[in-house]
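Written out below as structure tokens is the structure these notes cover.
There are 2 protein chains.
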Amino acid sequence: MRRTVLFISDGTAITAETFGHSLLTQFKGTEFRQVRLPFVDTREKAEDAVQLINRASEVDGRRALVFNTIVDSDVSEVLGTSDGHVFDLFGTFLPPLEEILGQSRSDSVGEAHGIRDSQGYEDRMEATNYALTHDDGISKRLDEADVVLVGVSRSGKTPTCLYMALHFGIKAANYPLTEEDLEKPRLPDFLRKHRRKLFGLTIDAGRLSEIRQVRRPDSRYASLKQCRYEVDAAEALLRAEGVPMLSSTSASVEELGSRILLELGLQRDLF
Amino acid sequence: MRRTVLFISDGTAITAETFGHSLLTQFKGTEFRQVRLPFVDTREKAEDAVQLINRASEVDGRRALVFNTIVDSDVSEVLGTSDGHVFDLFGTFLPPLEEILGQSRSDSVGEAHGIRDSQGYEDRMEATNYALTHDDGISKRLDEADVVLVGVSRSGKTPTCLYMALHFGIKAANYPLTEEDLEKPRLPDFLRKHRRKLFGLTIDAGRLSEIRQVRRPDSRYASLKQCRYEVDAAEALLRAEGVPMLSSTSASVEELGSRILLELGLQRDLF
């Protein structure tokens, strides 16, 4: 029961893929072969895409699904000549938006895909640089940080910081709690000073042991006993200090990043 | 002419925001105040969202726009009672998909938002770790790399590598061309060995000078003359070695990452 799904855009097709993927996870019974076709920005390239759609439909014995976010309607309409079921994401919502806003669309491909919204983009690049130079306790000067993630080694701090920086332009530092830190009743002073920016990341001890096992097989560091000790001590310390916490055991960096922004009030507020 | 736009989801609302943002860039005349409301996963939270929508509509003097990707239709329908124009992204496409696939949706909120597709997610985390330990020429052992970005200092290699790793699970290393490298007629041997994985990143010399100026004001490193020399020499060297190149001057990391994957054939192929 295989069916091919194509995400097609004149830009990166990341929006089409993310959106289409969310929809498809609602259907269990079918095996979807998902393919992204970016930069389809001429009628010729769209005709090539039509060939791929038709061939996939033939091979699978069922019509391919197509999620299309091509802005230029001249190019987009070519996909309509294919054998696939085409979901035209822009075509569906632009007409009602035009009516509500009382304006016509301006057909600017580049901007639709956010090739550069200058200041926001610069902020993201600067934040990424910040995350790199404030990763893993490298720097204890945290005045500029928007958020400081704290947790035991391999609890997911680094990728979460990088995601927040790269996606949201948030300056995210992180500090790994060492055994020495865990033996003390308080967090180190350079962290306490910034208490309102602190956020704890915890993880199930069994999962942590698996992750550490990959790095240093059969070490004390990776042992379940050591992981249990560290996780318990870190949670107790963060609770005592009133630092909010999330678990990375079954949450993605996207979810962690979003929740941290929300809980620390780093989201733009409406009022 | 301000109008508030809310991106609302029971997950991170990143899909809703990305998609809605793409649509809105098509309309120039209006100033949009864009707000993301993630984790709206109960009827109570949806009712709170309705209050925000109504208040924004009142303050702006025009009905707010709402892009909604709530999976649970019980929660989603609450938004329909607001004063906003609600675009129900899942509600629009799920019914035709159900018909095409001959299946009902399974209403699994978590998976719709990709909280964890295990192997893919692990690959992304591993690739992120790889990018960090193979950033900026730290490691010259590139056997495991899927791609190695090469370019002068501050041409955008690091954030592009991190994006490819975090988003696509691609193991991306990078190497900054030094003045010493630029004086030679060939790339260093440890790079030439992996020539098919190499990808050049270049940048407009004026833009490079601006970027370097922030880091080391009024230095030789940041001078336009030096930037011109390095960019010209790097482009000549990469051309001579037959390494494909892209410019980061006006392309985002999303666009660069996608194009590099496509050009190096690292995208999943259809046939």
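If you're matching them up, the sequences are chains A and B in order.
Numbered per our numbering, the first sequence spans residues 79 to 349.
Numbered per our numbering, the second sequence spans residues 79 to 349.
The beta-carbon is built from N, C-alpha and C at its ideal position, and this holds for glycine as well.
Beta-carbon contacts of residue 132 (chain B) that lie in its chain and below 7 angstroms, excluding the five residues immediately before and after: Taking the second sequence and counting its residues from 1, the one referred to as residue 132 (chain B) is at position 54. Around residue 132 (chain B): 160 and 161.
Hey, does residue 288 (chain A) have any beta-carbon neighbour from chain B nearer than 7 angstroms? In the first sequence, counting from the first residue as 1, residue 288 (chain A) sits at position 210. For residue 288 (chain A), the nearest beta carbon of chain B is not closer than 7 angstroms to its own beta carbon.
Does DSSP put residue 192 (chain B) in a helix, in a strand, or in coil? The sequence position of residue 192 (chain B) within the second sequence is 114, counting from 1. Annotation note: pLDDT 48 at residue 192 (chain B) (below 50); position unreliable, coordinate value reported separately. Coil, per DSSP.
Counting only Cβ-Cβ distances shorter than 9 angstroms, please list the residues of the segment 153-177 of chain B near chain A, keeping chain order. Within the segment 153-177 of chain B, the residues whose Cβ lies closer than 9 angstroms to any Cβ of chain A are, in chain order, 163, 165, 167, 168, 170, 171, 172, 174, 175 and 176.
What's the C-alpha gap between residue 254 (chain B) and residue 240 (chain A)? Working through the second sequence from its first residue, we reach residue 254 (chain B) at position 176. Working through the first sequence from its first residue, we reach residue 240 (chain A) at position 162. Cα-Cα distance, rounded: 21 angstroms.
Of all the CB atoms in chain B, is at least one closer than 7 angstroms to the CB of residue 238 (chain A)? Taking the first sequence and counting its residues from 1, the one referred to as residue 238 (chain A) is at position 160. No, its Cβ sits nowhere closer than 7 angstroms to a Cβ of chain B.
Would you mind working out which of B:128, B:143 and B:172 sits nearest residue 153 (chain B), comparing C-alpha positions? Counted from its first residue, the second sequence places residue 153 (chain B) at position 75. Residue 153 (chain B) has its Cα closest to that of B:128, out of B:128, B:143 and B:172.
Length of the line joining the Cα atoms of residue 130 (chain A) and residue 98 (chain B): Taking the first sequence and counting its residues from 1, one reaches residue 130 (chain A) at position 52. Taking the second sequence and counting its residues from 1, one reaches residue 98 (chain B) at position 20. Straight-line Cα distance between these residues: approximately 28 angstroms.
Please check if any C-beta of chain A sits within less than 7 angstroms of the C-beta of residue 246 (chain B). Start at 1 with the first residue of the second sequence, and residue 246 (chain B) comes out as number 168. Not closer than 7 angstroms to any Cβ of chain A, the Cβ of residue 246 (chain B) fails to qualify, so no.
Inspect the beta-carbon positions of residue 155 (chain A) and residue 90 (chain B) and report whether they are closer than 7 angstroms. On the first sequence, residue 155 (chain A) is found 77 positions in, with the first residue counted as 1. On the second sequence, residue 90 (chain B) is found 12 positions in, with the first residue counted as 1. Contact: no.
Chain B beta carbons: is any one of them nearer than 7 angstroms to that of residue 79 (chain A)? Locating residue 79 (chain A) in the first sequence gives position 1, counting from the first residue. Closer than 7 angstroms: no.
Would you mind reading off the limits of the beta strand (DSSP E) that contains residue 112 (chain A)? Taking the first sequence and counting its residues from 1, one reaches residue 112 (chain A) at position 34. Taken as a continuous stretch (DSSP letters only), the beta strand (DSSP E) holding residue 112 (chain A) covers 109-115.
Would residue 211 (chain A) pass as an interface residue toward chain B - the criterion being a Cβ-Cβ separation below 7 angstroms? Walking along the first sequence from the start, residue 211 (chain A) turns up at place 133. Chain B contact via Cβ: absent.
Where does residue 344 (chain A) fall in DSSP's three states? Here residue 344 (chain A) corresponds to residue number 266 of the first sequence, with the count starting at 1. Residue 344 (chain A): coil per DSSP, three-state reduction.
Do you know whose CA, among B:306, B:275, B:252 and B:211, lies nearest residue 340 (chain B)'s CA? As a working note, residue 340 (chain B) is residue 262 in the second sequence. Selected option, being the one with the closest Cα: B:275.
Give me the Cβ distance between residue 236 (chain B) and residue 96 (chain A), rounded to the nearest whole Å; I'm assuming they're in contact under 8 angstroms. Counting from 1 along the second sequence, the entry for residue 236 (chain B) is found at position 158. Counting from 1 along the first sequence, the entry for residue 96 (chain A) is found at position 18. Residue 236 (chain B) to residue 96 (chain A), Cβ: 24 angstroms. No contact.
Assign residue 118 (chain A) to one of three DSSP states: helix, strand, or coil. Locating residue 118 (chain A) in the first sequence gives position 40, where the first residue counts as 1. Coil.
Cα-Cα separation between residue 330 (chain B) and residue 199 (chain A), rounded to whole angstroms: For the purposes of this step, residue 330 (chain B) is identified with residue 252 of the second sequence, where counting begins at 1. For the purposes of this step, residue 199 (chain A) is identified with residue 121 of the first sequence, where counting begins at 1. The straight-line gap from Cα to Cα measures roughly 8 angstroms.
Nearest to residue 266 (chain B) by alpha carbon, out of B:294, B:324 and B:312? By 1-based counting over the second sequence, the position of residue 266 (chain B) is 188. Of B:294, B:324 and B:312, the residue nearest in Cα terms is B:312.
Measuring only between beta-carbons, confirm whether residue 336 (chain A) sits less than 7 angstroms from chain B. Counting from one through the first sequence, the residue named residue 336 (chain A) turns up at place 258. Answer yes: the Cβ-Cβ gap between residue 336 (chain A) and chain B drops below 7 angstroms somewhere.
Residue interval of the alpha helix (DSSP H) (run including residue 306 (chain A)): By one-based count along the first sequence, residue 306 (chain A) stands at place 228. Note, residue 306 (chain A): alpha helix (DSSP H), 302-318.
Please classify residue 283 (chain A) as buried or exposed, where buried requires at least 16 other C-beta atoms within 10 Å of its C-beta. Numbered from 1 along the first sequence, position 205 holds the residue referred to as residue 283 (chain A). With 16 or more Cβ atoms within 10 Å of its Cβ, residue 283 (chain A) is classed as buried.
How many Å lie between residue 138 (chain B) and residue 109 (chain B) at the Cα? Within the second sequence, residue 138 (chain B) is the residue found at index 60, counting from 1. Within the second sequence, residue 109 (chain B) is the residue found at index 31, counting from 1. Cα to Cα, the separation comes out at about 11 angstroms.
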